[in-house]
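There are 2 protein chains.
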Amino acid sequence: MGNHGKPRCDPKVTATSTQGARERAPLQLENFLPYRLSILSNTVSQGIASDYQQRFALSVTEWRVMAVLARFDGLSARDVAERTAMDKVAVSRALARLVAAGRVDRAIHDDDKRRSVLRLSAGGWLIHDEIAPMARLRERALLHKLTLHERAWLKRILDKLQDGAPVRR
Amino acid sequence: MGNHGKPRCDPKVTATSTQGARERAPLQLENFLPYRLSILSNTVSQGIASDYQQRFALSVTEWRVMAVLARFDGLSARDVAERTAMDKVAVSRALARLVAAGRVDRAIHDDDKRRSVLRLSAGGWLIHDEIAPMARLRERALLHKLTLHERAWLKRILDKLQDGAPVRR
DNA sequence: TTACTATAGTTACAAATGCAACTATCTGCA
DNA sequence: TGCAGATAGTTGCATTTGTAACTATAGTAA
């Protein structure tokens, strides 16, 4: 029962990294790629969100929907879901709020009455035009931590990591 | 009112990238670093979670708590929150479930009765020892998409992006 | 037509999450 | 002592999210 080689270490005295048993040893979260990605992504997204969250009462999902609609006019909800890699239910709800707030106009497709035809409203564009530059600034600040060389590698690496990844729906 | 240079483009006909107006133009989400990080992170975490989610009825937060406890024995809830970069409330709730399920043993600190002293139970270790290798495999599969050179760059880049980042609490 | 299947989008319900308020304990200092 | 913060952890409540079921429309073929 108790034959587990538990790493008994005082947590305050830096991490007795229990190397030795290769597969069995506990993960080192701080070096575990999926974990690091998660932390970094949350930190970054949270930073950007704090720019507009309270100011416009806009959630991250709502902003993402607005961002795609700014780029591609007349998409259906399904298209939006595809382009944002968000769940269709999440998109539906974000759209309900955006339409109610008058930030997005929703029409019905002529040839297919199931589809909606989505478009930023004038008010939506105003908000978009305030947020987009802030988002860009955040990205720039992030990239400024890297050399040009590193930025190029990062892009290449993200491409490779992403390729063949399953697309959510 | 309508003097917005909206990019009218058929979404099916690949992305008329509205370059020109530098700051004003809509974001290209697909090249926007924060967005890419978010997608990648979600995809990866989701993949790992699918390995244990239903099988052990374990949430991502719970697994993370178990992972730190595997590595550092006798932490307090606060320590766990710090090491997982999770909210203390989230940790408290995850612990409540883990203790109830008999996966974590909770004692009270001798010198400070506020603190808990946390430790994986024997059953917790069994589960950990099943999940950890799977998680490692997932990470390995991810890293195998990269050359050794790229892996080194990625590590370096993540370090730089993360440095100076605010620590959640 | 009718029936079967697929798709767009919404709704319902349950679980997860975040924030603020709360209890209990500890620390420091008059 | 005893009182005013701090800190560890939990609880309540409102919001968000995920899953599945549902409605409505479309496509296809007998």
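Same order as they appear, the protein sequences are chains A and B. At position 99 of the first sequence (counting the first as 1) the number is 99 in the numbering used here, and the numbers step up by one without a gap. At position 46 of the second sequence (counting the first as 1) the number is 46 in the numbering used here, and the numbers step up by one without a gap. We put the beta carbon where it would ideally sit given N, CA and C, even for glycine. All values reported here derive from a predicted model rather than from experimental measurement.
- Taking the beta carbon of B:Lys160 as reference, the chain A residues within 8 Å of it are Lys145, Leu146 and Glu150, listed in sequence order.
- Membership of A:Arg106 in any alpha helix (DSSP H) is not indicated; the residue belongs instead to the beta strand (DSSP E) covering Val104 to Ile108.
- Interface criterion not met: the Cβ of A:Leu95 is under 8 Å from no Cβ in chain B.
- With a threshold of 8 Å between beta carbons, A:Val44 makes contact with chain B.
- Between the stretch 140-159 of chain B and the stretch 152-162 of chain A, the count of C-beta pairs closer than 8 Å reaches three or more; the two stretches touch.
- In chain order, Leu158 and Gln162 make up the part of chain A whose C-beta sits under 8 Å from the C-beta of B:Arg36.
- Interface residue (Cβ-Cβ distance to chain B less than 8 Å): A:Ile108 is not classified as such.
- The stretch 65-89 of chain A contains, as complete alpha helix (DSSP H) runs of 4+ residues, the segments 77-84 (chain order).
- When the five nearest sequence neighbours on each side are left out, the beta carbons in the same chain lying within less than 8 Å of the beta carbon of B:Leu69 are those of Leu75, Val80, Val104, Leu118, Arg119, Leu120 and Gly124, in order along the chain.
- B:Arg151 carries a helical assignment under DSSP once its states are collapsed to helix, strand and coil.
- Using beta-carbon distances, B:Ser121 does not count as an interface residue toward chain A, since no partner is under 8 Å.
- Note on B:Ile48: 16 or more other CB atoms within 10 angstroms of its CB, so buried under the neighbour-count rule.
- DSSP, reduced to helix, strand and coil, places B:Leu146 outside both helices and strands of the structure shown, so it counts as coil.
- For B:Val89, the closest alpha carbon among the candidates B:Ala100, B:Thr61, B:Arg71 and B:Gly102 is that of B:Thr61.
- Between B:Arg64 and B:Thr84 the beta-carbon gap is near 5 Å, inside 8 Å, which marks them as a contact.
- The Cβ atoms of A:Ala77 and A:Ser59 do not sit closer than 8 Å to each other.
- According to the DSSP assignment, B:Arg55 belongs to the alpha helix (DSSP H) that extends over Leu33 to Phe56.
- Taking 8 Å as the threshold, the shortest C-beta distance from B:Gln54 to chain A does not fall below it.
- Minimum Cα-Cα distance from B:Asp163 among the listed residues A:Asp163, A:Ala152 and A:Ala141 corresponds to A:Ala141.
- Residue burial annotation: A:Leu137 is exposed, with fewer than 16 other C-beta atoms found within 10 angstroms of its C-beta.
- B:Arg119 is bridged by DSSP to B:Asp105.
- Close CB contacts of B:Val99 within its chain, under the 6 Å cut and outside five residues either way in sequence, are with Arg106 (chain order).
- Looking at the backbone, the Cα of B:Ala132 and that of B:Glu82 are separated by about 21 Å.
- For A:Gln28, the three-state secondary structure derived from DSSP is coil.
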